[in-house]
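*Asks:* Residue numbers (our numbering), protein chains in the order written: chain C, 90 to 564; chain Z, 70 to 302; chain B, 3 to 260. Cβ atoms here follow ideal geometry from the backbone N, Cα and C, with glycine treated the same way. Fair warning: this is a prediction, and the values are worked out from it, not measured in the lab. Below you will find the structure I want to go over with you.
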Amino acid sequence: MQIRSPAFKANVSAALADERLQKALEFTRPAFPSRRAAAVADLPEFEQLRDIGRDIKNHTLANLDFYLEIYAANVERAGGIVHWCSTADEARAAVLAICEKAGARTVTKGKSMISEELGINAHLEAHGITPVETDLGEYILQIRNEGPSHIIAPAFHLNRNDWEESFRKVHTDLPADRVFNERRDILTEARTRLREKFLAADVGITGANFLIAETGSSVIVTNEGNGDLTQTLPRVHIALASIEKLVPTLEDATSLLRLLARSATGQDFSVYTTFSTGARRSEDLDGPGEYHVVLIDNGRSGMIGTEFQEMLRCIRCAACMNHCPVYFTVGGHSYGWVYPGPMGSVLTPSLIGVDQAGHLPNASTFCGKCESVCPVKIPLPKLMRHWREHEFERHLSPSAVRTNLAIWAWFAMRPQLYRIATRIGARVLGWLGRKKGRLSSLPLAGGWTAGRDLPTPEGDTFFARYARLQREGKL
Amino acid sequence: MSKDTILNAIRRGLKRGPLPEDQALGLRARMAAHPRHLIPARSRIDRPGQIALFLRNIEKEFGTFTRVPDLDAIPEAVADYLTANNLPSDFAMAPHPELAAIPWSNRPLLTQRPGRAQASDLVSLQHGYAAVAETGTLVLPAAAVRPTTLNLLSDTFMVVLRASRVVGAYEEAWDLLRAENRDERSGGFMPRNVMLVTGPSRSADIESTLELGAHGPRRLHVVLVDDDPAAFA
Amino acid sequence: MTPPSPAPRVALFVTCLVDLHRPSVGFAAIKLLEDAGCRVEVPLAQTCCGQPAYNAGDRSTARDLARGLLDAFGGYDYVVVPSGSCGGMLRAHMPHLFDDDPNTRARADALAGRTYELVSFLTDVMGVTTLDATCAATATYHDSCAGLRELGIKAQPRALLASVAGLTLSEMADAEVCCGFGGTFCVKYPDISTRMVADKTKDIAKTGAGLLLAGDMGCLLNMAGRLQREGSTVQVRHVAEVLAGMTGDLPPIGEARR
């Protein structure tokens, strides 16, 4: 996927001016938090489960090499094949090789963020294989050649007209005078069209929400059933999974599943939670004849042992972005790559470099809402701050910021000089605002005053007044 | 090899070599014991309560149910459901002995086609292996007698489930599977596929508004056979 | 909780923004603390809690400033801050600046343990339940992020405001959603910040309240500046001003003395 993160500020300006997007954000914004809150209120043990979820993931990460080997052995015991891939290139090549060996012409796909990260679709297309996204949201994005704007609701930024217009453009074999009276009509057309694709596909590619070492299973969670059709109907199923998806046992996965849907959509459980273990057994009447797991590192192992290791607990529920006031102001595309919102602001610099994604961890107020809803308690603000530290150390932060900070720090380290400087500042500003108590513009403060007035100081600093009162014996 | 590259990178991060054998033993023991974590109190209730919770959750998730006293009553319940919803009377049916043993001839207008589902099937009838009261979730392990396509391809998905197979929490369903299922290929207990199904298919991808029947079934109907004396209050 | 006895020695951490912008909040804090039975001192060696450096990724400056605070605020029973954000810095963050320095870490932990945000100190430590203050207004209260999520401040200001004669509280929707201030965020990303505070002022307007209160100067300046830019007549004050009964002769934030 093309990286547009360095243009974050321009992306934001465009997003703020995009009425369609702003309307979609405003409409969707209250839904996720209220649904999650209701689901959490209905499960008194939810807070304890968050601790358990964190601990399961921490335990797995501390022994990841061990569990990966067990996992791979169990996949193979069940007739599956594991393809270990260090890099995105290796993963793309592995997927292509499986498809070519199967003589694949079309490939159906379940929703997978790692697939977006790897750019699987473009790679397959370049080699004459047609990938078809089957998650409704991903399907329309593929038609429109857009990336997802959210990790679980990839197309929520589009409205009904967008759907209709896109469908008319590509489903040209259908009557041009057909009417879309309601959402149902859009859904029915997509369902019919994609059903044909499911039946025709040679290979089905899904992601994985979890891998289970004990059984060699991959787990996907969907509501539409598209992922299940993708992995059930074609001759070959490929599960794409990054290494941190692993957990040791079914019981571990189960505890995390209790957190996942509640944190994501506010459902108690997703409609389909499916555990795939190996290829079709000889006596089975359906299911794929080949089962491959493309096991991907692509930068994860480099996070282990660093201050960003905790990010590898992430189960991609989207609760952080669902509750993020910045995300719901700028939308997902502003972040400029695959993963938006707070989790993206930590993960993206790890995967594409902080020199590319430096804005992301800075564009946070550190309000802490994300951390408070994270099902595995990732301290997202703290990790974003660590990225700021890296930027500061590498002199990637803007020089004006560094200079201002240095001047301020020099005074702040010297209380007596600081008193004098602040007293002058307070008096000057207070004098400037003496008529109204505020300023509507101020040189060098355009960032503030573009959208709000600047309340001016009372006139003298606390310490000046305090000293005066002490002198006068009034304290 | 990439496998070694990945494992070595992880070990570098963890600042150690391969896991020492004594620690590996501990982890193998943990996997063998597969300890349960916290199980929410909501399903830690008596049998009648668990059945009621299961049925409440089926409805919460937009499913429907009929409760019947025994297998003999199933044909009528199925026929009534199909008629009430204007659905065709022929359906794909899991080739499971328990379903075959149902006296379908009581309702000669119903036509069952045992086997996997085809794309043209409007209605399917699956054998319920077990169900989880905690969230109204059906547990459907793939088997020759329980093809996966039945869960997915039809518009209306019916499941025959014995009340005695309703458990409180997911972990209890895993225990059933561990105890009852042998998978010859892997030597373990997991079949190729286990689907946990909670309500009919749905999507909120179009304007963040929920619609039922996205790619999978639009209707989910459970026929619950009251074979569990303890389940009666 | 029984109030500590006898009169605890409390150091007031004034904070940069109160010092520069709103000294009256500092004096309100002194009054409230003294009324609650504390002996209040204001250590003169204090400047800033270090958040601007800390959140800009300049850990070394943050550490230097923190060492100064450890010296300035040693030896008091409590340190009280009229700000959830600076309080959160001292309580939740500062000790971790010294994770690699056990001796300083221990001092920082000790300071963190003695540091409280003003309003929660009054209720949770001093056991204050009612105040002798009057303010005839319908007010709405914004929960500042750090106070709310790092220090658990939610019920305390509302409890004390309930005892202010003449004051009615009208809760806004999304009172817990960030106002978009975020320290330097508001000038680094002014577009986003402005949109966020505009969302906030919509919620404020919907309450019909004539007075907006919060416990953090940063948020207050941000919201006041936006309300005034929009031509709103809602007045904005630090909660301590109301609790100390100082609204009579102190103009609201961003308004001139008449």
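Distance check for residue 178 of chain B and residue 288 of chain Z, CA to CA, integer angstroms please.
*Replies:* 40 Å
*Asks:* For the candidate residues C:348, C:515, C:509 and C:407, whose alpha-carbon lies nearest to that of residue 204 of chain Z?
*Replies:* C:348
*Asks:* For residue 507 of chain C, return the contacting residues in chain B, with the cut-off set at a CB-CB distance below 7 Å.
*Replies:* 49
*Asks:* Where are the beta strand (DSSP E) runs, 3 residues long or more, that stay fully inside the stretch 136-176 of chain Z, in chain order?
*Replies:* 159-162
*Asks:* Is residue 2 of chain B close to chain C, meaning its C-beta is less than 8 Å from at least one C-beta of that chain?
*Replies:* Coverage of chain B is limited to positions 3 through 260, which leaves residue 2 of chain B absent and any answer about it impossible.
*Asks:* Measure from the C-beta of residue 502 of chain C to each C-beta in chain B and report whether the shortest distance is under 8 Å.
*Replies:* Any Cβ of chain B closer than 8 Å to the Cβ of residue 502 of chain C would place that residue at the interface, and such an atom is present.
*Asks:* Can you give me, in chain order, the residues of the stretch 213-244 of chain B that have a beta carbon less than 9 Å from any beta carbon in chain C?
*Replies:* 222, 223, 224, 225, 226, 227, 228, 229, 230, 231, 232 and 238
*Asks:* Closest Cβ-Cβ distance between residue 184 of chain Z and chain C: below 8 Å?
*Replies:* Yes, contact with chain C.
*Asks:* Which whole-angstrom value describes the C-beta separation of residue 294 of chain Z and residue 229 of chain Z, a residue pair presumed to lie in contact below a C-beta threshold of 8 Å?
*Replies:* 7 Å
*Asks:* Name the chain C residues whose beta carbon is nearer than 7 Å to that of residue 96 of chain Z?
*Replies:* 152 and 155
*Asks:* For residue 97 of chain B, would you say it is in contact with chain C, using Cβ-to-Cβ distances shorter than 8 Å as the test?
*Replies:* Under the Cβ criterion of 8 Å, residue 97 of chain B is not counted among the residues facing chain C.
*Asks:* Which chain B residues are close to residue 536 of chain C, counting only those with a beta carbon under 9 Å from its beta carbon?
*Replies:* 188, 189, 190, 191, 192 and 195
*Asks:* Confirm, please, whether the CB-CB distance from residue 221 of chain Z to residue 362 of chain C is below 8 Å.
*Replies:* no
*Asks:* If contacts are defined as beta-carbon pairs under 8 Å, then residue 546 of chain C and residue 519 of chain C qualify, I think. What distance do you get, rounded to the angstrom?
*Replies:* 4 Å
*Asks:* Name the two residues that bound the continuous beta strand (DSSP E) containing residue 294 of chain C.
*Replies:* 292-295
*Asks:* Quick check on residue 189 of chain C - is its C-beta less than 8 Å from some C-beta in chain B?
*Replies:* no
*Asks:* In the structure shown, what three-state DSSP assignment does residue 381 of chain C receive?
*Replies:* The answer is strand: DSSP assigns residue 381 of chain C an E or B state.
*Asks:* Looking at the strands, I want to know which residues DSSP matches up with residue 227 of chain Z.
*Replies:* Z:194 and Z:290
*Asks:* Let me see if you follow: with CB-CB separation under 8 Å, is residue 280 of chain C close to chain Z or not?
*Replies:* At least one chain Z Cβ lies under 8 Å of residue 280 of chain C.
*Asks:* Considering only the beta carbon of each residue, do residue 138 of chain Z and residue 301 of chain Z sit closer than 8 Å?
*Replies:* no
*Asks:* Look at residue 147 of chain C and residue 405 of chain C and say whether their C-beta atoms are less than 8 Å apart.
*Replies:* no
*Asks:* Only counting the same chain, and skipping five residues up and downstream in sequence, which positions put a Cβ closer than 7 Å to that of residue 267 of chain Z?
*Replies:* 130, 204, 205 and 206
*Asks:* By Cβ distance, which residues of its chain are closer than 6 Å to residue 244 of chain C, with the 5 residues on each side in sequence left out?
*Replies:* 226, 229 and 230
*Asks:* As a quick exercise: from Z:170, Z:275 and Z:84, pick the residue whose alpha carbon is nearest that of residue 65 of chain C.
*Replies:* In the structure displayed, chain C extends from 90 to 564; residue 65 of chain C sits before or after that span and is not available.
*Asks:* So, helix, strand or coil for residue 93 of chain C, using DSSP?
*Replies:* coil
*Asks:* Who are residue 264 of chain Z's beta bridge partners in DSSP?
*Replies:* C:363 and Z:209
*Asks:* What residues in the stretch 268-299 of chain Z bring their beta carbon closer than 8 Å to a beta carbon of chain C?
*Replies:* 268, 269, 270, 271, 272, 273, 274, 275, 276, 277, 278, 280, 282, 283, 284, 285 and 286
*Asks:* Is there at least one Cβ from chain C nearer than 8 Å to residue 113 of chain Z's Cβ?
*Replies:* no
*Asks:* How would you call residue 517 of chain C, buried or exposed, if buried means at least 16 neighbouring beta carbons within 10 angstroms?
*Replies:* exposed
*Asks:* Which ranges does the alpha helix (DSSP H) cover as unbroken runs of at least 4 residues, wholly within the stretch 262-286 of chain C, from first to last along the chain?
*Replies:* none
*Asks:* Does residue 268 of chain C pass the burial test, meaning 16 or more other C-beta atoms within 10 Å, or should it be called exposed?
*Replies:* exposed
*Asks:* Taking its Cβ as the centre, do 16 or more other Cβ atoms sit within 10 Å of residue 215 of chain C, making it buried, or is it exposed?
*Replies:* exposed
*Asks:* Counting only beta-carbon atoms, is residue 173 of chain B nearer than 8 Å to chain C?
*Replies:* The beta-carbon of residue 173 of chain B is placed no less than 8 Å from the nearest beta-carbon of chain C.
*Asks:* Short check: CB of residue 183 of chain B to CB of residue 453 of chain C, under 8 Å?
*Replies:* no
*Asks:* Report the rounded CA-to-CA distance for residue 431 of chain C versus residue 125 of chain C, giving the unit in angstroms.
*Replies:* 17 Å
*Asks:* How about residue 219 of chain Z: is its Cβ closer than 7 Å to a heavy atom in the ligand GTP?
*Replies:* As presented, the structure is devoid of all ligands, the ligand GTP included, so that no description of it is given.
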